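Numbering (my numbering), first residue to last: 1 to 183.
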């Protein structure tokens, strides 16, 4: 039986040519076809959508500051829930390949001591994250001492703000981009 579209407008031979053109275009030959009688048939369609771009946060924001024992790299138990949330946030973004755990200090005291303490605290947070399910190979740890303050070191409040640990996304899968930090 001949399709109604082709029944009277085209002779059977033309119907066969159109069917052939349709079939070949479905097999990936999307260029226009020119037949021996000069008939040109082009099948026009839409291109497939580009792959979705996933945006991951530039930093994994911690809802509270990580608390350590004074002058120590021992994480206080009060901070375990915050770090557990960070584990969940990291696992919710499988496009993240690498995170740098960054330790920071205030300008109080000896610069070498602050650099060492910030590095030990970063390593302690890294160890906690690994122990709670984050792949060891995706985490780096680095201490910056007092070299990257976020507040004025001349006030107690500023020094407290500068004593911190941050989780910075440094590498993502192809097809993902780094966007703003998590809210």
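Note that beta-carbon positions come from the ideal geometry of N, C-alpha and C, so glycine has one too.
Remember, predicted model here, so these are calculated numbers, not experimental data.
Give me whichever residues DSSP pairs with residue 164 in a beta bridge. 104
Given residue 171, which residues of its chain have a CB within under 8 Å of its CB, disregarding the five upstream and five downstream residues? 96, 97, 98
Quick check on residue 123: does DSSP put it in helix, strand or coil? helix
Would you list the one or two residues that DSSP bridges to residue 139? 99
Local Cβ density within 10 Å of residue 76, reported as buried at 16 or more and exposed below that: exposed
By the 10 Å Cβ neighbour count, where 16 or more other Cβ atoms means buried, how is residue 114 classified, buried or exposed? buried
Using the Cα positions of residue 39 and residue 51, report the straight-line distance between them to the nearest angstrom. 36 Å
Could you have a look at residue 67 and say whether DSSP puts it in helix, strand or coil? coil
I need the straight-line Cα distance from residue 118 to residue 124, nearest angstrom please. 10 Å
Simplified DSSP state of residue 82, which is helix, strand or coil: helix
In three-state DSSP terms, what is residue 44? coil
In terms of residue numbering, what span does the beta strand (DSSP E) encompassing residue 179 cover? 176-179
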